[in-house]
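Comments concern the structure below.
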Amino acid sequence: MKFISILLLFLVILFTACQEENINNIKTKTAVVTGYLFAGQACDSIRITEATSYSSNDSLTVTLDDLNVTLDDGNQSYSLSPIGGGYYRNADLIIESGKTYTLQFEHNGKSVSAKTFVPEQRSFAISDTLIGMEKIEFSNGPPSGGFTAVDPIELSWDNPEGDYYYVVVQNIESNPEYVNEIFEEQDSLFSNFRFTTEPQIMDFYSIDPRREIEQFGRHRVILYRVNPEYASLYNVSDASTLSITEPPSNVENGLGILTGVASDTLYFRVKKL
Amino acid sequence: MSCKHLAMCLGAVFLLFSTKIIAQDMANTKIKVTYVDEPLDLVFLNLKLSYGLNFEYSEAEVKGIRLSMSTPKLPVNEAMMMLLQGTGLTFELKPPKTIVIFKDKNFGKTDLDPSEFEVKNRNITVSGTIKDKASGETLPYASVQVRGTTLGNTTNGDGYFTIQGVPTDTAILEISYLGYHTRYFRLTPENVKQDFLIEMTVIGEMLQEVVIVAEKEDQLLKASSGISTIGITPAAVASLPSYGEKDIFRSLQLLPGVSGSNESSSGLYVRGGTPDQNLVLFDEFTVYHVDHLFGFFSAFNSNAIKDVQLYKGGFDAKYGGRLSSVVELTGKDGNTERLNMGLGLSLLSVNGYVEAPFADGKGSFLVAGRRSFQSKFYSNLFDDFTNIGDGPGGSTNTGGGSQPGPPGGGRGFGQQEVQPTSYFYDLNAKATYRPSKKDIVFISFYNGKDNLDNSRDANTSAFGNRPINFNFQRESVDLTNWGNWGTAVKWSRRWNDHFYSNANISYSNYFSKRDRHNSTTITREDSTFTISNGNFEYNNLKDYTLKLDNEWQLSHQNQLEFGAQATYNDIRYKYTQNDTLNVLNRTDKGLITSAYLQDRHTFNDKLILKGGLRMTHYGVTGKIYTEPRASLTYLLTDRIKLKAAWGKYRQFATRIVREDIQQGSRDFWLLANDENVPIGAAMHHIAGASYETSTWLFDVEAYYKNLDGLSEYTTRFTPSGFGPNSTLDYEEFFYTGTGKAKGVELLTQKKIGKLTGWLGYTLGEVLYDFDAFGDKPFHANQDVTHEVKLVGNYKLGQWAFGATFIYATGKPYTAPTGFYQVNLLDGSTADFFEVSGKNAFRLPAYHRVDISATYDFRLGRSKANLGLSLFNIYNRKNTWYKEYEVVEGELLETNVSLLGLTPSLFFNWTLR
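Protein chains in written order, with the numbering used here: chain S, 14 to 286; chain H, 55 to 966.
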């Protein structure tokens, strides 16, 4: 019995020591960079914000507008000016392909920096600039349209380097009409249809109009040539405590991304048959 | 419930438990008798008056028997044996105070012959085989003791034992085995001349057939046999609450030192180790994957298993290649007496077995199978895993909830419409043949598989008014399967009473395949165009092993074990994306050759010292690794045992787990190369003591393990290089580090009586130190500070009731401490999380109570039982993991719970 009493006492003492750590006490102040350097364009797409703490009650992103930000192209350092909303720019600085740029600033006593390379532009070809599609209708009698096969629109370009490409297709009509009537009823506020792929190593992309095109009219196709650091944003594990990992980032002492991008643009039109 | 309340409840339950200690401990009562020509019924009356013992007997059987005897003070069972010697009667103790007297059917035929009590030989060697009386199964690891001495041994894997230096040829052997009546066997000058065949009777069988029965060791586990060693009886597992299926590994999780709060893994976390650090041997072949249904059930059918031994640490030199523990499962040989069969049905699966002798009982076989079926119960468990993606954060590859991807593109197939086809099965077959009294040969076969098919097809031909030849075919394949094949051939030979050898050759294969892709084929008039995207993962492990184990009893104080093993591993792993991109493609091959030597020496029948050495040549590195091991047991008194162990352990094959909630965790094995994947090493230091009476066992053990060469694995798409030649590679990262695991385990077990069970407590800590995760050590994923388990079984007539309670400190986890958004090129945004230090937080405590009731009955001459089990009766929402998503600038946390209240029913029938 003595043994049991000691055991019980031992257990009770141990149980009273149960404690949990509290996530709400953690406040984060880490700088987040979202920076794109478009080849041939002025440097105007760099935004610096702060990560929001788990425990924060603010639903708005905290922007950092009073930093001394510089961008170095290896030969010269350019100062970027804040223009509000966390954005920084230097309209005189035109981003050049083939160059390496380094972004740098101080935040919370830490030197935050990020480096990227700007790829060369690559033009692409499109198989067809005009296609015809039937409107799919339900309101006037039996369903009609949409039964005829439509040839795909094929985009092709050279990619001997095995780089990452990313296609964005966007309707640019001011008042676009839906191919399928059903969407018109659901969507009272017309918006321009947009379709994007994920960055992949590819030299060809086939747009299947019946599956991937939703509206008639003019469409813009942008082919982005992106760096691996951008592609890595699309390969993140799920957000559960079983598998959570550090987010992809090329920013030292901070989070987010600074990446060089080159793009080419073409157009096609979808005609109503 | 707060921690304090839990402790109070626990204390109250425990006190109730412990007040019965005195009343039930009849076996510890000592009596002294002196009778001269006294009628037996008067002797019983006298004992009732003097010691409060009650006797149940038939007057007709007792009539005319008179005793003349004088004994010193003896325990009740020994005194009864002496009293009834030569009377043709035998007895059974029925706690608390009743002794049942009945006729010994075998009197005069077998063990007891009153004319043979005269000592003719001293210092003799006895040997024999212990078997189950009904089925003829040999009983491995049964304890054989010479009464009144500390001399004894356990049977080997074939149920065979030898004891040297037995003082006289009239000594009494006490044979005990889990779930069987302890049996006393008297040596005589005649019967010691040959090997014994001692038959044991399962508790619950007709008692009249037992020669001498003294104690009922009606327990589920036996923890007193060695250092950190626990045996469990698969037959008794049925009396424990379960969910859906009785499960041996789940029962092991109720032991102190083995984590019990891993509902989603049937693997064992032993003393801070991980499941891949356990060596799981089934009939001598290594099993690499022990899970069914994503880990809810273990891959072993308890109908096919007769014995389970768990070595929690400090294990012998005979075992190698793992850091943490050894689970040795011995398959049933099959009935050597007569045909038997059984069927079982639960809400999850149906199982059956057939066993029969052949070649006049020289051989026997057993075939057992189990298959799940689509039931509500199965679906509920299944959905717990597969519907997770429909919850918050349901997309596969974003930092947060909103996926930067095409609306309606990519995964636009409505897989929720698909009714998945999924099942698991396992099959065991074993044939054993005894060509002579000295040889046993068996072949054992195992196959188990899980299959999950979510595939679907869509086929469209062109229609409308354009007569073109156009065919559009879309196929969505989502196929997952995994499983094991294993087979072993073993030959055991007893060369003489002192030398025993086992040779075996085995093959084990673990395979796992995941094929998840969409392919679209467009056939036009003159061309076919196919687009395919998705991923394919394939792992195939083959293990070819040759093994030779020898036992040589040099003297009764000295036993030598030595042997050798060669294992050739061939492991392939391939991970392919979008048909062409081989993101990972590994082939690991290696030969591991080991030899070991161990000496067990007994000093003064009090101190048992074991020293061993295992040497391994590892083909991959070309180096030799030495693993010294030692252990000691000191019998301070008859009841108090002190024990200690120390040893070095290494691990060459490591299992890598890629946690993936959306698609189910994937795992594969690989061989360490001592470059990026280090060879695991552990030093075990164990000390403990036990106090054991015939009713109770109190056991305490403390352990400390130094771990080295730990690796944590992760894969990630990472940019490599810089500038125009940089690429995004799917890379493997092996973070390496060291660790420390320490803890104290307490076990209080009540072994006999109507109420049996145990209270186990573990205080533990596992700290890992990885440079990649910061300067400070962190608590490993499997770290649990306090763990309490209370297990009780109560027998009432044909009813058996079981209850278990588990309390465990929550496990550590890594969480987002913040979040941020990145605007993508197409104008959409993606959410990402800033992540805390490794395992900086801890989940809430885990606790639950399960109960069960089983009713045993007869159907004609056959036996059956029907049971109900309630899992998690107060529906505690134990947190499995947390999920996060960002919604309108707020970080939302979702707790994903483990199973709530789950009832299950089962029915079992056996021919005999």
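For every residue, glycine included, the Cβ atom is placed at its ideal position computed from N, Cα and C.
Query, Result
"Close-in-space but distant-in-sequence residues of the same chain around S/M215 (CB under 6 Å, 5 per side omitted)", "Y178"
"Residue from H/P682, H/N505 and H/L696 whose Cα sits closest to the Cα of H/Y688", "H/L696"
"Within 7 Å, strictly: CB atoms of S/T76 and S/G99", "yes"
"As assigned by DSSP and simplified to three states, the class of H/S313", "coil"
"Cβ pair S/T142, S/F281 closer than 7 Å", "yes"
"Inter-stretch contact at 8 Å, needing at least 3 Cβ pairs: the stretch 370–379 of chain H / the stretch 651–668 of chain H", "yes"
"H/D816 versus H/L809, H/F824, H/G797 and H/Y822, residue with shortest Cα-Cα distance", "Here residue 816 of chain H is Thr; the residue named in the question, Asp, does not match the sequence. The shortest Cα separation from H/T816 among H/L809, H/F824, H/G797 and H/Y822 belongs to H/G797."
"For H/F239, three-class secondary structure by DSSP", "strand"
"6 Å CB neighbourhood of S/V234 in its chain, flanking five on each side removed", "V182 and L279"
"Bridge-paired residues (DSSP) for S/I139", "S/L168"
"Neighbour flag for H/D880 against chain S, beta carbons, 7 Å", "yes"
"Distance, H/S906 Cα to H/T255 Cα", "25 Å"
"For S/M146, the three-state DSSP class (helix, strand or coil)", "strand"
"Within 7 Å, strictly: CB atoms of S/A64 and S/V45", "yes"
"Identity of the residues DSSP links to H/F98 by a beta bridge", "Beta-bridge pairing links H/F98 to no other residue."
"CB contact below 7 Å: S/L168 versus chain H", "no"
"Environment of H/A826 [buried if 16+ CB atoms lie within 10 Å]", "exposed"
"Short CB-CB distance (under 7 Å) between S/E150 and chain H", "no"
"Enclosing alpha helix (DSSP H) for S/M215 [first to last residue]", "Careful: S/M215 lies outside any alpha helix (DSSP H) and carries neither H nor E."
"Selection from H/W536, H/S315, H/T599 and H/K830 that minimises the alpha carbon distance to H/T858", "H/S315"
"Burial state of H/R176, where buried means 16 or more other Cβ atoms lie within 10 Å", "exposed"
"Whether H/R568 touches H/G588 by CB criterion (7 Å)", "no"
"For H/D753, the three-state DSSP class (helix, strand or coil)", "strand"
"Contact set between S/S66 and chain H, taken where Cβ atoms lie within less than 8 Å", "T871 and G872"
"Spatial neighbours of S/F130 in its chain, beta-carbon cut-off 7 Å, leaving aside the 5 residues before and after", "T113, N240 and G273"
"Integer Cβ distance of S/P67 from H/P870, believed to fall under 8 Å", "It is worth fixing the name first, because residue 67 of chain S is Tyr in this sequence and not Pro. Contact holds; Cβ gap of about 6 Å."
"CB contact below 7 Å: H/L953 versus chain S", "no"
"Same chain only: Cβ atoms within 7 Å of H/E50, ignoring 5 sequence neighbours per side", "Residue 50 of chain H is absent from the structure shown; chain H starts at 55 and stops at 966."
"H/Y349 versus H/T621: straight-line alpha-carbon distance, rounded", "The sequence shown places Gly at residue 349 of chain H, rather than the Tyr named in the question. Approximately 27 Å, taken between the alpha carbons."
"Whole-number beta carbon distance between H/A542 and H/L498, since they are thought to touch under 8 Å", "A small correction: the amino acid at residue 498 of chain H is Ser; Leu does not occupy that position in the sequence shown. Their Cβ separation, rounded to whole angstroms, is 5 Å, which keeps H/S498 and H/A542 in contact under 8 Å."
"H/Y972: contacting residues in chain S (beta-carbon distance under 8 Å)", "Because residue 972 of chain H is not part of the residues shown, which for chain H are 55 to 966, the question remains open."
"Between the CA atoms of H/L764 and S/S169 - distance to the nearest angstrom", "48 Å"
"Below-7 Å beta-carbon distance, S/P260 vs any chain H residue", "yes"
"DSSP state of H/K157 mapped onto helix, strand, coil", "strand"
"Chain S contact for H/T868 (CB, 7 Å cutoff)", "yes"
"Cβ of S/L106 within 7 Å of any chain H Cβ", "no"
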